[in-house]
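There are 2 protein chains.
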Amino acid sequence: MDRSVLRSIPLFAAMSDAQLDRMTAQGSARRIAQGESVFEQGDPAKAFYLLLHGRLKVTQVTRDGQQIIVRVVHPGDLFGFTRALGRPDYPGTATAAVDSLVASWPTESWDGFVENNPQLAMSAIRTIGQRLDEAHTRIREMSTEEVERRVAHAVLRLIEQAGKRVEAGMRVDFPISRRDIAEMTGTTLHTVSRILSAWETRGLVEGGRQKLVVCDAAALSRLAENAG
Amino acid sequence: MDRSVLRSIPLFAAMSDAQLDRMTAQGSARRIAQGESVFEQGDPAKAFYLLLHGRLKVTQVTRDGQQIIVRVVHPGDLFGFTRALGRPDYPGTATAAVDSLVASWPTESWDGFVENNPQLAMSAIRTIGQRLDEAHTRIREMSTEEVERRVAHAVLRLIEQAGKRVEAGMRVDFPISRRDIAEMTGTTLHTVSRILSAWETRGLVEGGRQKLVVCDAAALSRLAENAG
DNA sequence: CGTATTCTTGACTTATATCAATGTCGGTGG
DNA sequence: CCACCGACATTGATATAAGTCAAGAATACG
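Residue numbers (UniProt numbering), protein chains in the order written: chain U, 1 to 228; chain S, 1 to 228.
Structure follows, in structure tokens:
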């Protein structure tokens, strides 16, 4: 891991070479195979992470065994910096959706980094703030929208954050199941399956096993916005 | 406004007298009458605030006019520091549920405060982090729990954060309508009314116009946890 | 007092979950 | 290489939680 890797990430863009070198010195990189987890819900938070390459799903299981997807981690995102938020353990499990590469630092390093670099602090605040915004958006959608619109919003977001051009349109660039989408929108895989089938008939998307291609994003947006 | 007021708030506890004085010098206090708003959704974020006394509800309205309650602001909470999160406008409206007193600072002051006081930055990160946690909890509840349990959780939270001992039990210490609870839990006032009526029959709560007293918190907790 | 909120309650409707069965894909091992 | 197994997906039938519609009662307020 060298400083140019970090430099390319907005969170670290404003840091000096010396500061970046100090960070890279304390951190280390690690490869996570598809299906493996970086940490598990309830584990003591010994480190915080940055996704360098790949894609992760952060999930939570409720006491009665139901699972939800809290968020998808994209390259360049910080994750698992739970301790900085005042929690001693990880609130969820981070699983690699594809082979991934993560950088990690011991939690103890956090305070030092922040103290020596107010820019980093402000960036971090903005980052968490965005996440809070996203969470509120999700709450608003779950409170006021029906399932179909929620799914439409979720799919559009996936395309924005992880869309890849293919012949038929834009494809979600990591394996994503109907169940995953259900766990992101607070519904069941059955309902998601029905919705996607209907969309496929209308030519809006193309489905498949762990696969999703959006063919007509504009129509999907309309659907997401105007209740109809 | 003097420094002892701020000193009593965890967020500022670690600051030096000099720093606190600098903050109080740049800020000002303002009284908000019940029903008035501190700022409205979409207003440019010219200031950030701290609730000194009273109680606020932060609401959002969707394009089609549906309203949700994003959160309740309690004394000692920072709110409206949207700009620090990288947004130019307020994402919601903050309305006084009772006569309230707020301190405010121009948004431009934020960066200076943070740069000169890493402690404040770390406190702020923790604060937003907690809020993110709360948001995720709400998402999890809305995804996996039925309405009655969600309402139970919401009511218990209100009691924790704004409970006041009265003869019959613990009362929510500000006017709160059935509609408010509905907007906090993603349901309708009708359903909330039915649920509270049922609870009242079982002796768990005592209702009333804009009033809510929890008589048997233990039973309510049980209800909130074990699906039954 | 009358008018406006807030709340309650009943009857009905509907979106979505649940239950159940079947199909399809893709990798593993015989 | 083919057969089989497990994970994922589809689709129909049915059940039900909670929303909608509607009417009225209670409480606060000017």
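Glycine included, each C-beta is placed from N, C-alpha and C at the ideal position.
{"Item": "Could you name the residues of the same chain whose beta carbon sits closer than 6 Å to that of V5(U), not counting the 5 residues immediately before and after it, in chain order?", "Value": "none"}
{"Item": "What does a CB cutoff of less than 6 Å around T95(S) pick up in its chain, not counting 5 residues either side in sequence?", "Value": "S37 and K57"}
{"Item": "For I159(U), I'd like the list of residues in its chain whose CB is within less than 7 Å of its CB, leaving aside the five on either flank, ordered along the chain.", "Value": "M170, V172, V214 and A217"}
{"Item": "Please state if the CB of T93(U) and the CB of K46(U) are separated by a distance shorter than 8 Å.", "Value": "no"}
{"Item": "Rounded to whole angstroms, what's the CA-CA distance from F39(U) to Y90(U)? Just pull it up for me.", "Value": "8 Å"}
{"Item": "Taking C-alpha atoms, which residue in L212(U), G35(U) and A224(U) lies nearest to A162(U)?", "Value": "L212(U)"}
{"Item": "What whole-angstrom Cβ distance do residue 241(S) and V72(U) have, given they're in contact under 8 Å?", "Value": "The question about residue 241(S) has no answer here: the residues shown for chain S are numbered 1 through 228."}
{"Item": "Determine whether the Cβ of G86(U) lies closer than 8 Å to any Cβ atom of chain S.", "Value": "yes"}
{"Item": "So what's G92(S) in DSSP terms, helix, strand or just coil?", "Value": "coil"}
{"Item": "With H, G and I counted as helix, E and B as strand and the rest as coil, what does DSSP make of D99(S)?", "Value": "strand"}
{"Item": "Using the beta-carbon of each residue, which ones in chain U are nearer than 8 Å to D133(S)?", "Value": "L85, R87 and P91"}
{"Item": "How far does the beta strand (DSSP E) with L51(U) in it reach, from first residue to last?", "Value": "A47 to H53"}
{"Item": "Listing by chain order, which chain U residues have their CB less than 7 Å from the CB of P10(S)?", "Value": "Result: empty, since nearest Cβ-Cβ is about 11 Å, beyond 7 Å."}
{"Item": "The beta strand (DSSP E) with F39(S) in it runs from where to where?", "Value": "S37 to F39"}
{"Item": "Tell me, to the nearest whole angstrom, how far the beta carbon of L52(U) is from that of I128(S); I am working on the premise that it is less than 8 Å.", "Value": "No, L52(U) and I128(S) are not in contact; Cβ-Cβ is about 25 Å, not under 8 Å."}
{"Item": "Excluding the 5 residues preceding and the 5 following D180(S) in the sequence, name in chain order all residues of the same chain whose CB lies nearer than 8 Å to its CB.", "Value": "K57 and I69"}
{"Item": "Could you check what DSSP says for E200(U) in three-state terms: helix, strand or coil?", "Value": "helix"}
{"Item": "Taking 8 Å as the threshold (C-beta atoms), are G54(S) and A103(S) in contact?", "Value": "no"}
{"Item": "Do you know how far the Cα of R209(S) is from the Cα of S177(S)?", "Value": "7 Å"}
{"Item": "Taking all protein chains shown into account, decide if E148(U) is buried (16 or more other Cβ within 10 angstroms of its Cβ) or exposed.", "Value": "buried"}
{"Item": "The alpha helix (DSSP H) with M1(S) in it runs from where to where?", "Value": "Looking at the DSSP string, M1(S) is not in any alpha helix (DSSP H), and its letter there is neither H nor E."}
{"Item": "In chain U, what lies closer than 7 Å to residue 229(S) by C-beta?", "Value": "Shown here, chain S extends from 1 to 228; a query on residue 229(S) therefore has no answer."}
{"Item": "So I68(S) contacts chain U; which residues on that side make the cut at Cβ distance below 8 Å?", "Value": "I139, R140, S143 and T144"}
{"Item": "Name, please, each residue of chain S whose Cβ falls closer than 9 Å to the Cβ of E115(U).", "Value": "P118, Q119, A121 and M122"}
{"Item": "Can you grab the Cα-Cα spacing for the pair L196(U) / D21(S), in whole Å?", "Value": "59 Å"}
{"Item": "Interface residues of chain S around R222(U) at Cβ under 7 Å?", "Value": "Those do not exist, as R222(U) stays about 13 Å from chain S at its closest Cβ, beyond 7 Å."}
{"Item": "Note down, in chain order, every chain U residue with its Cβ under 8 Å from the Cβ of Q130(S).", "Value": "L85 and G86"}
{"Item": "Compute the Euclidean distance between the alpha carbons of A25(S) and A13(S), then round it to the nearest angstrom.", "Value": "17 Å"}
{"Item": "Nearest to G80(U) by alpha carbon, out of D64(U), W105(U) and Q67(U)?", "Value": "W105(U)"}
{"Item": "Taking P175(U) as the reference, give the member of Q34(U), E225(U), R165(U) and N226(U) with the closest Cα.", "Value": "Q34(U)"}
{"Item": "Name the residues in the segment 54 to 67 of chain U whose C-beta lies less than 8 Å from a C-beta of chain S; which are they?", "Value": "Q60, T62, R63, D64 and Q66"}
{"Item": "Chain S beta carbons: is any one of them nearer than 8 Å to that of H190(U)?", "Value": "no"}
{"Item": "Just verifying my parser: in three-state terms, what is the DSSP assignment at Q60(U)?", "Value": "strand"}
{"Item": "For the segment 160 to 188 of chain U, which residues have a CB atom closer than 7 Å to at least one CB atom of chain S, in sequence order?", "Value": "G186"}
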